[in-house]
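Student: Sequential numbering of the sequence shown, starting at -4, is according to my numbering. My questions all concern the structure below.
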Amino acid sequence: GRTVVVLGGGISGLAASYHLSRERLGSWIRSVRGRNGAIFELGPWGIRPEGALGAQTLLKVASLAMDTFIDFLLYSRPWGDTKMNECQGICS
């Protein structure tokens, strides 16, 4: 590891200290290196395909021929959203 000094206790200093204290930066998205040296991107297990942005996402999934790796699940929630979950290529 390395030693870092954060000067200042304002909001920027507190935010910097918080993020530096974490194991890694970022949230759900993570890059990992495989045994053969290849880099794999790991990320969210699901998306909500709603609205214009959701339609664009579904078109991109289809254009990349990834739709065979997707399982559509309807969840009953108060806001009635539809969620699309990746099923790791084991879809029926």
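Where a beta carbon is used, it is the ideal one built from N, C-alpha and C, also for glycine.
1. Going along the chain, which residues of its own chain have a beta-carbon closer than 6 Å to the beta-carbon of arginine 28, five neighbours each way excluded?
2. Which class does valine 1 belong to by DSSP, given the choice of helix, strand or coil?
3. With DSSP collapsed to three states, give me the class of proline 24.
4. So, is isoleucine 65 buried or exposed, given that buried needs 16 or more other C-beta atoms within 10 angstroms?
5. With leucine 59 as the anchor, note down where its beta strand (DSSP E) starts and where it stops.
6. Once you ignore the five residues that flank serine 16 on each side, which residues in its own chain have a CB closer than 6 Å to its CB?
Tutor: Reading off the structure:
1. Once the five neighbours on either side are set aside, the close Cβ partners of arginine 28 are Ile34.
2. Coil at valine 1, not helix or strand.
3. Just to set this straight, residue 24 is isoleucine in the shown sequence, not proline. The answer is coil: DSSP assigns isoleucine 24 none of H, G, I, E or B.
4. Classification for isoleucine 65: buried.
5. Counting along the chain, no beta strand (DSSP E) covers leucine 59, and no H or E run does either.
6. No residues qualify anywhere along the chain.
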